[in-house]
Amino acid sequence: MRDHQGEVPAQLSHITLPASLSSLRALHEKLVQFIEPLPIDSDIGYAIDLALNEAFINVVKHGVNYDASQNIVIEMRYDNNQLVLMLQDQGKPIPSELLNNKSALSHHPELLTPDSWPESGMGLMMMFNSVAEINYEVKVGVNYLSLIINTEIQA
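Numbering (numbering that gives the first Met the number 0) for the sequence shown: 0 to 154.
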């Protein structure tokens, strides 16, 4: 849906899911439904899906230790050629030493050389390599992880 100037109006959606790997299908379906009307290239769509899934899996595994009684809130926001996916949870925070190691997070391992793969943090590495920016903060016991993707196709 575009306005009279050909621009897509701002979009906003929320979903709350149990912190369970079985929620991944619902998360994927909600993301596809949200980005379908947006001017997003299929390569960008794949990167968005990968980053969101990795972030969700990390919360389930490391944040809440597979406690499906906890919830993860996902906000999907699109405005001015920028897609922001924010995950909110009340699990354990991401250790700062993982987030501060930018060289490891932006590392591109050799596909056929398993020795080049990191021992841990593979999900974070894939997230950092799939989006333009990641913001993370903890406020009053709630973790906020934002995946930011610029959707404007460069000529």
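The C-beta atom is built at its ideal place from N, Cα and C for all residues, glycine as well.
- Item | Spatial neighbours of residue 52 in its chain, beta-carbon cut-off 8 angstroms, leaving aside the 5 residues before and after | Mapped onto the sequence shown, residue 52 falls at position 53. If we look at residue 52 and ignore the five residues flanking it on each side, its Cβ neighbours are 23, 26 and 27.
- Task: Between the Cα of residue 48 and those of 57, 58, 31 and 97, spot the shortest distance and give me the residue it belongs to.
- Result: What you label residue 48 is simply residue 49 of the sequence shown in a count that begins at 1. Selected option, being the one with the closest Cα: 31.
- Item | Residues bridged to residue 83 (per DSSP) | Taking the sequence shown and counting its residues from 1, one reaches residue 83 at position 84. DSSP, once it has assigned bridges, lists 76 and 147 as partnering residue 83.
- Query: Given a threshold of 16 other Cβ atoms within 10 Å of its Cβ, counted over all protein chains shown, does residue 140 qualify as buried or as exposed?
  - Reply: Position 141 of the sequence shown, counted from the start, is the residue given in the question as residue 140. Label assigned to residue 140: exposed.
- Query: residue 90 to residue 75, Cα distance in whole Å?
  - Reply: Along the sequence shown, read from residue 1 onward, the residue named residue 90 stands at position 91. Along the sequence shown, read from residue 1 onward, the residue named residue 75 stands at position 76. Each residue's alpha carbon lies about 20 angstroms from the other.
- Query: Would you call the stretch 60–71 and the stretch 3–22 in contact, with 3 or more CB pairs under 8 angstroms?
  - Reply: Yes, they touch.
- Task: Measure the Cβ-Cβ separation of residue 134 and residue 147 and say whether it is below 8 angstroms.
- Result: Locating residue 134 in the sequence shown gives position 135, counting from the first residue. Locating residue 147 in the sequence shown gives position 148, counting from the first residue. Taking 8 angstroms as the Cβ cut-off, residue 134 and residue 147 qualify as a contacting pair.
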